[in-house]
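Undergrad: One structure coming up, written as structure tokens, with questions to follow.
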Amino acid sequence: MTAAGWMQLVAFLALLLALAWPLARGIDAVMAGRFALGARIEAPLYRLAGVHAGEETGWLRYTVGLLIFNGVGVLAVYALQRLQAGLPLNPAGMAAVAPDSAFNTAISFVTNTNWQGYGGEATMSYLTQMLGLTVQNFLSAATGIAVVVALVRGFARHSAQAIGNVWVDLTRATVWILLPLSFVFALVLVSQGVIQTLSAYVEAKTLEGGTQTLAMGPVASQLAIKLLGTNGGGFFNTNSAHPFENPSALTNFLQMLSIFLIPAALCFVFGRIVGDLRQGWAVLAAMTILFVVAAIGATWAEQQGNPALAALGADQAVSASQPGGNMEGKEARFGINASALFATITTAASCGAVIAMHDSFTPLGGAVPLVLIQLGEVVFGGVGAGLYGMLLFAIMGVFIAGLMIGRTPEYLGKKIEAHEMKMVSIAILVTPLLVLLGTALAVSSEAGRAGIPNPGPHGFSEVLYAFSSAANNNGSAFAGLSADTPFYNLMLALAMWFGRFGVIVPVLAIAGSLAAKKRLPATPGTLPTHGPLFVVLLIGTVLLVGLLNYVPALALGPLVEHLMLWSAT
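See below:
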């Protein structure tokens, strides 16, 4: 890495920590109901909705409420897309979205995946973008926060039958966390040049005397929650590479910070709720180490350039006249350092926003985002989803450690027994199962192969990336795959839905089981879960379990592609 790359990484981590610490205090107070003004404002809303705010439920009712809530969201977003041609706020006259694409998009935004098989400015009306997609950006992120808070309550409580009130948790996460942060961030983005308008598309004269249509729209309001909620769906087809979404190096840096902000803060919230801040620091340390290694790897790989171009005599060295390295598919305004860091952040955080085309990265550079996704999106991960995913690996880690020393595994004073391990196994295995089965079906069926314009290892990598991104709810893509077809729209939608709720249901079942257990006092034989040894154990568990699930697929994709590229040169 260059000196500029190191400075950018250090500044990013320092500012992230400085912002996440105070935010965690606010999130903790809000979700615990200690925000007095919020309680007074919420009360009439709950009465209107028929919700008894003081009534908490067990994990099953909590789960059913969450599934119904998100199921209704799918129907609403689907209906908006199908009916948008006759609805207001459609100055460009967008037609109704095709049924398979509308179904895929509805599932995508409800599951916090934001996979996009369409170009936003050429497909969606302003009303659909605002009332459908932006609203689900808030609600899907709130779902993640609600689930992780319910799980952490399971650790913190003892001999309890309830894990919270799903409607109260969703309301508080949306109204007092996501909305204020997004409002402030949207104003900052507008001040830096991100557009926010309901005016029609603009016809502009080009320097050659022709005309060009400039897509407009309420971009800043969607962009803010797209990033803060680790959603990733762009208003424009080119996502955050578009100058109307990302005008400058400053907005780019702020966007990167916003992606990690809430996931990092939730680690401190975890420590506060369980009464031991060291627990949150340990989880954050494991995430940070994995992230830094990935960021360095991706940047290094892209700075080496493309060996195929080097063999043709292309000069890819850094000089006063060029940035050097592999600039294919990258926005010239941001260069390799920012592009590689953004790609690492967005795939570590289950966001999916992009400022460069991951499909054009070198084989090893492109493998970094793919591996981060396949680890289960736990390296910071999505809002809420990253932390509850990492806590599943923590439970797995203490179970493995318990087997090694012959003790009943414990985590935060709770025995980890057969029921918890069954649920952890389901949650960890459901996504690789979806990825590998989906990829196998795609490459073995005529409908799946029809969408692969690049046969061979890279075409396989594109399919593997698509199903990895969908099942792990990331949303970014190796863009060479032609995925806007009935086959891929249906298959990826199923992967997104079951990849999201196939994990959430076991997580909430674990929360209910842990809440009912008694808290055991620490003994001299108890494994400390707040020191360097546990951090190493947690990292090892993530790498061992996460990567072993995908070894056959990785061996056939980016690694083979890398070896073929270098052997040919």
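Using our numbering, the letters of the sequence shown correspond one by one to residues 270 to 838.
Yeah, the Cβ is synthetic: ideal placement off N, Cα and C, and Gly gets one too.
(1) In chain order, what residues of the same chain have a beta carbon less than 7 Å from the beta carbon of residue 529, not counting five sequence neighbours either side?
(2) If you follow the alpha helix (DSSP H) that residue 495 is in, where does it begin and where does it stop?
(3) Going by DSSP in three states, residue 386 sits in which element: helix, strand or coil?
(4) Going by other Cβ atoms of all chains shown within 10 Å of its Cβ, with 16 needed for buried, is residue 481 buried or exposed?
(5) Please work out which residues of its chain come closer than 8 Å, Cβ to Cβ, to residue 396, disregarding the five sequence neighbours upstream and downstream, and give them in chain order.
(6) Can you tell which of 738, 382, 433 has its C-alpha closest to the C-alpha of residue 784?
(7) Would DSSP call residue 663 helix, strand or coil?
(8) Taking contact to mean 3 or more Cβ pairs, one atom from each stretch, closer than 8 Å, check whether the segment 696–704 and the segment 572–592 are in contact.
(9) Nearest to residue 627 by CA position, among 542, 535, 748, is which residue?
(10) For residue 536, tell me which candidate among 288, 793, 794 has the shortest Cα-Cα distance.
(11) Between the Cα of residue 662 and those of 745, 807, 795, 639, spot the shortest distance and give me the residue it belongs to.
(12) Would you call residue 571 buried or exposed, if buried means 16 or more other Cβ atoms sit within 10 Å of its Cβ?
(13) Does residue 426 pass the burial test, meaning 16 or more other C-beta atoms within 10 Å, or should it be called exposed?
(14) Are residue 299 and residue 446 closer than 8 Å when you measure CB to CB?
(15) Which residue wins for smallest C-alpha separation from residue 810, given the options 666, 309, 744, 639?
(16) Below 8 Å between beta carbons: does that hold for residue 756 and residue 728?
(17) Are the CB atoms of residue 636 and residue 646 nearer to each other than 8 Å?
(18) Assuming contact is defined by CB atoms lying nearer than 8 Å, are residue 401 and residue 345 in contact in what I supplied?
(19) Within 7 Å: the Cβ of residue 442 and any heavy atom of the ligand PLP?
(20) What separation, rounded to the nearest whole angstrom, lies between the Cα atoms of residue 283 and residue 554?
(21) Could you check whether the segment 759–772 touches the segment 721–739, counting it as contact only if at least three pairs of C-beta atoms, one from each stretch, sit closer than 8 Å?
(22) Ignoring anything shorter than 4 residues, give me the alpha helix (DSSP H) runs that lie fully in the segment 680–729, in order along the chain.
(23) So for residue 635, helix, strand or coil by DSSP?
(24) Among 800, 419, 319, 692, which has the Cα closest to the Cα of residue 335?
(25) Can you grab the Cα-Cα spacing for the pair residue 824 / residue 639, in whole Å?
(26) Indicate whether residue 454 and residue 408 have their beta-carbon atoms separated by less than 8 Å.
(27) Can the beta-carbon of residue 302 be found less than 8 Å from the beta-carbon of residue 308?
(28) Whole-angstrom Cβ separation of residue 217 and residue 506, contact assumed at under 8 Å?
(29) Alpha carbon to alpha carbon, how far is residue 609 from residue 513?
(30) Counting C-beta neighbours from all protein chains within 10 Å, is the total for residue 276 16 or more, i.e. buried, or is it exposed?
(31) Mapping the DSSP letters down to three states, classify residue 839 as helix, strand or coil.
(32) If you draw a straight line from the C-alpha of residue 291 to the C-alpha of residue 363, how long is it?
(33) Under the three-state reduction of DSSP, which class applies to residue 744: helix, strand or coil?
(34) What are the uninterrupted segments assigned as beta strand (DSSP E) that are 3 or more residues long and contained completely in the segment 296–373, given in chain order?
(35) Quick one: using the 10 Å Cβ neighbour count with 16 as the cut-off for buried, is residue 278 buried or exposed?
(36) How would you call residue 377, buried or exposed, if buried means at least 16 neighbouring beta carbons within 10 angstroms?
TA: On the basis of the supplied data:
(1) Against the sequence shown, residue 529 aligns to sequence position 260. Answer for residue 529: 285, 614, 618, 649, listed in chain order.
(2) Here residue 495 is taken as the residue at index 226 of the sequence shown, counted from 1. Start and end: 488–497.
(3) For the purposes of this step, residue 386 is taken as residue 117 along the sequence shown, with counting starting at 1. In this structure, residue 386 counts as coil in the three-state DSSP scheme.
(4) As a first step, residue 481 must be located in the sequence shown, where it is residue number 212. Residue 481 is exposed by the Cβ-count criterion.
(5) In the sequence shown, counting from the first residue as 1, residue 396 sits at position 127. Contacts found: 349, 353, 356, 357, 358, 359.
(6) Here residue 784 refers to the residue found at position 515 of the sequence shown. The candidate whose alpha carbon is nearest that of residue 784 is 433.
(7) Here residue 663 is taken as the residue at index 394 of the sequence shown, counted from 1. Here residue 663 sits in helix by DSSP.
(8) no
(9) Sequence index remark: in the sequence shown, residue 627 carries index 358 (1-based). For residue 627, the nearest C-alpha among the options comes from 748.
(10) Here residue 536 refers to the residue found at position 267 when the sequence shown is read from its first residue. Residue 536 has its Cα closest to that of 288, out of 288, 793, 794.
(11) Start at 1 with the first residue of the sequence shown, and residue 662 comes out as number 393. It is 807.
(12) If you number the sequence shown from 1, residue 571 lands on position 302. Classification of residue 571: buried, given that the 10 Å Cβ count is 16 or more.
(13) Numbered from 1 along the sequence shown, position 157 holds the residue referred to as residue 426. With 16 or more other Cβ atoms within 10 Å, it is buried.
(14) Working through the sequence shown from its first residue, we reach residue 299 at position 30. Working through the sequence shown from its first residue, we reach residue 446 at position 177. Yes.
(15) Counting from one through the sequence shown, the residue named residue 810 turns up at place 541. The candidate whose alpha carbon is nearest that of residue 810 is 666.
(16) Against the sequence shown, residue 756 aligns to sequence position 487. Against the sequence shown, residue 728 aligns to sequence position 459. Cβ atoms of residue 756 and residue 728: not closer than 8 Å.
(17) Translated into the one-based positions of the sequence shown, residue 636 becomes position 367. Translated into the one-based positions of the sequence shown, residue 646 becomes position 377. Taking 8 Å as the Cβ cut-off, residue 636 and residue 646 do not qualify as a contacting pair.
(18) On the sequence shown, residue 401 is found 132 positions in, with the first residue counted as 1. On the sequence shown, residue 345 is found 76 positions in, with the first residue counted as 1. Against a cut-off of 8 Å, the Cβ pair of residue 345 and residue 401 comes out as a contact.
(19) With respect to the ligand PLP, the structure offers nothing, as it holds no ligand at all.
(20) What you label residue 283 is simply residue 14 of the sequence shown in a count that begins at 1. What you label residue 554 is simply residue 285 of the sequence shown in a count that begins at 1. Near 13 Å, if we compare the C-alpha coordinates of residue 554 and residue 283.
(21) yes
(22) 687–713, 715–718
(23) Translated into positions along the sequence shown, residue 635 becomes position 366. In this structure, residue 635 counts as helix in the three-state DSSP scheme.
(24) Within the sequence shown, residue 335 is the residue found at index 66, counting from 1. Nearest C-alpha to residue 335: 419.
(25) What you label residue 824 is simply residue 555 of the sequence shown in a count that begins at 1. What you label residue 639 is simply residue 370 of the sequence shown in a count that begins at 1. Low local confidence applies: a pLDDT of 48 at residue 824 is under 50, so the model's placement there is unreliable, and no value is given.
(26) Start at 1 with the first residue of the sequence shown, and residue 454 comes out as number 185. Start at 1 with the first residue of the sequence shown, and residue 408 comes out as number 139. No, the pair does not count as a contact, with Cβ atoms beyond the cut-off.
(27) Sequence index remark: in the sequence shown, residue 302 carries index 33 (1-based). Sequence index remark: in the sequence shown, residue 308 carries index 39 (1-based). Yes, the Cβ-Cβ distance between residue 302 and residue 308 is below 8 Å.
(28) In the structure as shown, the chain starts at 270 and stops at 838, and residue 217 therefore has no counterpart that could be examined.
(29) On the sequence shown, position 340 is the one that residue 609 refers to. On the sequence shown, position 244 is the one that residue 513 refers to. Their Cα atoms are separated by approximately 21 Å.
(30) Looking up residue 276 in the sequence shown gives position 7. Residue 276 should be labelled exposed.
(31) Any property of residue 839 remains undetermined from this structure, which presents the chain solely from 270 to 838.
(32) For the purposes of this step, residue 291 is taken as residue 22 along the sequence shown, with counting starting at 1. For the purposes of this step, residue 363 is taken as residue 94 along the sequence shown, with counting starting at 1. Residue 291 and residue 363: Cα-Cα distance of roughly 43 Å.
(33) As a first step, residue 744 is located in the sequence shown; it is residue number 475 there, counting from the start. Residue 744 falls in the coil class under three-state DSSP.
(34) none
(35) As a position in the sequence shown, residue 278 is number 9, starting the count at 1. Residue 278 is buried by the Cβ-count criterion.
(36) Position 108 of the sequence shown holds residue 377. It is buried - the Cβ of residue 377 has at least 16 other Cβ atoms within 10 Å.
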